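Trainee:
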Amino acid sequence: MFDKEFIEKQKESLEKEKKDLERLLSEFATKDKEDGDNWKTNYTNIDPEEVDPEEEANEVEEFVDLLPQEYTLEIKLKNVNESLEKIEKGTYGICESCGRMILEERLEANPSAKKCLECLDL
Ligand SMILES: [Zn+2]
Numbered sequence: 037m038f039d040k041e042f043i044e045k046q047k048e049s050l051e052k053e054k055k056d057l058e059r060l061l062s063e064f065a066t067k068d069k070e071d072g073d074n075w076k077t078n079y080t081n082i083d084p085e086e087v088d089p090e091e092e093a094n095e096v097e098e099f100v101d102l103l104p105q106e107y108t109l110e111i112k113l114k115n116v117n118e119s120l121e122k123i124e125k126g127t128y129g130i131c132e133s134c135g136r137m138i139l140e141e142r143l144e145a146n147p148s149a150k151k152c153l154e155c156l157d158l
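Here you go:
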């Protein structure tokens, strides 16, 4: 098992990452009220009477551009939350594929890593 100091340090990094991700997400998405892990991209409400068609098209394009970014950030945030849960449960750093401990150096570089390097290569 890892020592307490290492776990504390990882927890700090994960919480910092969580804040950063939530801040990035909140710039263009809203947290789902019913499902706290889910984020919805804001779609600017346009009054069809007032907007010229070209401007509306730009708005839609922008929305489509944001979706993959929102998705990536949401996945990252989910991983971070799962890692924080594992710290609480005392299962942090265990490879999800083979059940062995993930190397400290690997976890330092990527605190939300789920698999050891050997399993990642498969
Ligand atoms: Zn493994």
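Sequential numbering from 37 applies to the sequence shown in the working numbering.
Ideal Cβ placement from N, Cα and C applies to all residues, glycine included.
What you are looking at is a predicted structure, and each value in this text was computed from that prediction instead of being measured.
1) Need the endpoints of the beta strand (DSSP E) that Ala65 sits in, please.
2) Does DSSP put Lys47 in a helix, a strand or coil?
3) Quick check: the Cα distance between Leu120 and Lys45, rounded to an integer number of angstroms?
4) Just the Cα atoms here: how many angstroms apart are Ile82 and Tyr128?
5) What are the start and end residues of the beta strand (DSSP E) that includes Lys77?
6) For Lys112 and Glu90, I'd like the C-alpha separation in whole angstroms.
Mentor: Well, looking at it:
1) Here the question's residue 65 lines up with position 29 in the sequence shown. Judged by DSSP secondary structure, Ala65 falls within the beta strand (DSSP E) whose first and last residues are Ala65 to Lys67.
2) One-based indexing of the sequence shown puts residue 47 at position 11. Three-state DSSP puts Lys47 in a helix.
3) To locate residue 120, count along the sequence shown from 1; it is residue 84. To locate residue 45, count along the sequence shown from 1; it is residue 9. If you take the alpha carbons of Leu120 and Lys45, they lie about 12 angstroms apart.
4) The sequence position of residue 82 within the sequence shown is 46, counting from 1. The sequence position of residue 128 within the sequence shown is 92, counting from 1. Confidence at Ile82 is low in this model, with a pLDDT of 48, below 50, so the placement of that residue should be treated as unreliable; the coordinate-derived value is given next. Cα to Cα, Ile82 sits roughly 46 angstroms from Tyr128.
5) The residue you call residue 77 lines up with position 41 of the sequence shown. As written in the sequence, residue 77 is Thr, which differs from the Lys given in the question. In the DSSP assignment, Thr77 falls within the unbroken beta strand (DSSP E) covering Trp75 to Thr77.
6) Taking the first residue of the sequence shown as 1, we reach residue 112 at position 76. Taking the first residue of the sequence shown as 1, we reach residue 90 at position 54. Whole-angstrom Cα-Cα distance: 34 angstroms.
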